[in-house]
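When we follow the working numbering, the leftmost residue of the sequence shown carries the number 1, and every step to the right adds one. From the three backbone atoms N, C-alpha and C, an ideal C-beta is built for every residue, glycine too. Let me begin by presenting the structure, written as structure tokens, before commenting on it.
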Amino acid sequence: MIILGAIMAWFLFAVSSTALACFLVVWFIHRSQLLQAERELAELRKEQPELQKRYEAMFEAARTQIAVEKNIADERRDAIIASAEKEAEQIRAETKKREEECDLYQQTVIAMKNILDGYGDEYLVPTSTLLDDLAEEYSHKDAGKELKESRRRTKAIVKSKKAADCDYVEEVRRNGAINFVIDAFNGKVDTILAKVKRDNAGKLAQAIHDAFIQVNFNGQAFRNARITYEYRDARLEELKWAAIVHELKEQEREEQRRIREQMREEERARREFERARKEAEKEERILKKAMEKARREFEAASDEQRALLEAQLAEMEQRLHDAEEKNQRAISMAQLTKRGHVYIISNVGSFGEGVFKIGLTRRLEPLDRVKELGDASVPFAFDVHAMIMSDDAPALERKLHNHFLLKQVNKVNHRKEFFRTSLSEIRDELESLGVEAKWTMVAEAAEYRESLAIDKLIEEDPQARAAWETRQLTLDPTDMAEFEEIRV
């Protein structure tokens, strides 16, 4: 039993030793593999940061490369687009240049035709249309200021080198070409402006435009030397104000002529009225004598003759009655103390702008009163803006004085009758009273303005001053008085 147990134990040991050996072999193999794996894993773990860096570097390099290639592609694309746009712009510029050249040639043909054949009625523009945007009180003096200002702007454009342009690069040639076209254009325009009349503003405007076209066409030979549109428009503005000045002067002269004509017509009417009164008195005297004669004949006449004489007497009595009424009416009108003229006058040289005298006169020739006012008391004659005939002139004058009470120049002596106001306000007040009148809205002030011009001339020109002094010293006061009498 013991031996059997030992054999069994030995057998089991042998078997177990072999198995153990196998197990151990297998274990050692796996163990070495495990250790190898762990070593490799450890190595991999050590290499992971480096690999990560290499990966990130490779990724960044790839991304940079992609960005660079994209930028290159974008730049190429932009370059292609820019090149195409530049080429298109050049084509557009060339096309525009050709169109402008074509337009210049067409306008040059029209301009030359106008210059050769003259300007027809299609260029007529009523000068009065230039006044549409101006205030009613706008005078030729105000327009003259605008004309001077437009000339100042023209000179400023030349001074700022905006009057002309040229494609020359070299400064000397460029300036020479520019000065050439400016001188040529100004010469033509100055000649045109000297021709300003009442009815030719439209024609002259076209003439200036034609001069602009012609000069620019000729300037092509000098690397496209040309007048600018800004400068052309500035010269056209000069023409506009020159035409307005001329038109306003003409209107003022016409208004003065109308007032004088109106007053002459009124004077003719008064003379006819006086003649009618005298004729009525004469007829009345003749009828009275005829009636006295008829009455004497009636006393000595037969019954048959008396019947005829009675009829004649009745007819003469009716005619006498009509003549007496006519005569009485004429006498009443002639002796009507309230009938007269209310006048609105000014004296710019003596009192300045915006001062008007509102007065009345009962004289048959109302201008005699105005002339008296301007004879010796003031250095210049008065200008008449309105002369209003009224059956109750004192009442009309009083209403106007009361309305402009606060605008009296002399607040102490109201009899001076001068008011600081405007003609528009006076006219509006008269219209509100239902009074109609013909107006001269601006003062001519001819002697005053001429005196200013002489002052300026003798101040700037010593020779003119000496000549003026000599002429004044040789004048005979008597001759001057006669001259003034003729002129008035």
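* Are the beta-carbon atoms of Ser346 and His385 separated by less than 8 Å? -> His385 is positioned such that its CB atom lies closer than 8 Å to that of Ser346.
* Asked: What first and last residue would you give for the alpha helix (DSSP H) that runs through Gly176?
  -> Unbroken alpha helix (DSSP H) run through Gly176: 171-193.
* Enumerate in chain order the residues of its own chain whose CB-to-CB distance from Asp167 is below 6 Å, with the five nearest sequence positions on each side excluded. => Counting only residues of its own chain and dropping the five nearest sequence neighbours on each side, Asp167 has a CB closer than 6 Å to the CB of Arg223, Asn224.
* In DSSP terms, what Ile345 is bridged to -> Looking at the DSSP assignment, Ile345 forms a beta bridge with Lys357, Val384.
* Asked: Within this structure, are the beta carbons of Val245 and Leu405 separated by less than 8 Å?
  -> No, Cβ-Cβ distance for Val245 and Leu405 is not below 8 Å.
* Asked: Would you say Glu255 reaches chain C, if we count a Cβ-Cβ gap shorter than 8 Å as a contact?
  -> In summary, chain C is missing from the structure at hand, where a single protein chain is found.
* To do: Tell me where the alpha helix (DSSP H) around Phe217 begins and ends.
  => Phe217 -> alpha helix (DSSP H) spans 201-218.
* Cα-Cα separation, Ser377 to Val355 -> In this structure, the straight-line span from the alpha carbon of Ser377 to that of Val355 is close to 16 Å.
* To do: May I ask you to verify whether the stretch 380-399 touches the stretch 429-439, counting CB pairs closer than 8 Å and requiring at least 3?
  => Contact check between the stretch 380-399 and the stretch 429-439: three or more CB pairs, one atom from each, fall below 8 Å, which counts as touching.
* To do: Find the nearest neighbour of Lys161 within the set Leu239, Glu238, Ile178, Leu313, judged by alpha-carbon distance.
  => Its Cα nearest to that of Lys161, the residue Ile178 stands out among Leu239, Glu238, Ile178, Leu313.
* **Delimiting residues of the beta strand (DSSP E) encompassing Arg420** => Looking at the DSSP string, the run of the beta strand (DSSP E) that includes Arg420 is 418-420.
* Asked: What is the rounded straight-line gap between the Cα of Ile80 and the Cα of Asp210?
  -> If you draw a straight line from the Cα of Ile80 to the Cα of Asp210, it is about 45 Å long.
* Contact check, Glu247 vs Thr154 under 8 Å by CB: the rounded distance? -> Glu247 to Thr154, Cβ: 21 Å. No contact.
* Inspect the beta-carbon positions of Glu447 and Ala381 and report whether they are closer than 8 Å. => Yes, the pair counts as a contact, with Cβ atoms nearer than the cut-off.
* Can you pull the DSSP bridge partners for Gln90? -> Beta-bridge pairing by DSSP links Gln90 to no other residue.
* Opposite Met389 in the DSSP bridges: which residues? -> Answer is His341.
* Could you check the C-alpha separation between Thr470 and Gly374 for me, to the nearest Å? => Distance from the CA atom of Thr470 to the CA atom of Gly374, rounded to whole angstroms, is 27 Å.
* Asked: Are the Cβ atoms of Ile227 and Phe212 separated by less than 8 Å?
  -> It is a contact, given that the beta carbons lie within the stated cut-off.
* **C-alpha distance - Asp142 paired with Lys240, whole-angstrom precision** => CA-CA distance, Asp142 to Lys240, rounds to 14 Å.
* Beta-carbon proximity list for Leu287, same chain, < 7 Å, skipping 5 on both sides -> Once the five neighbours on either side are set aside, the close Cβ partners of Leu287 are Met316, Arg319, Leu320, Ala323.
* Provide the residue span of the alpha helix (DSSP H) that contains Ala466, from first to last. => That run of the alpha helix (DSSP H) goes 462-474.
* When the Cα atoms are used, what is the spatial distance from Lys46 to Ala82? -> Computed Cα separation, rounded: 54 Å.
* Asked: In the structure shown, what three-state DSSP assignment does Ala164 receive?
  -> In the structure shown, Ala164 adopts extended strand secondary structure according to DSSP, grouped into three states.
* Give the C-beta separation of Ala234 and Ser150 to the nearest angstrom, bearing in mind that I take them to be a contact with Cβ-Cβ under 8 Å. => Distance from Ala234 to Ser150 at the Cβ level is roughly 7 Å; contact confirmed, criterion being Cβ atoms closer than 8 Å.
* To do: Would you list the one or two residues that DSSP bridges to Arg449?
  => None, per the DSSP bridge assignment.
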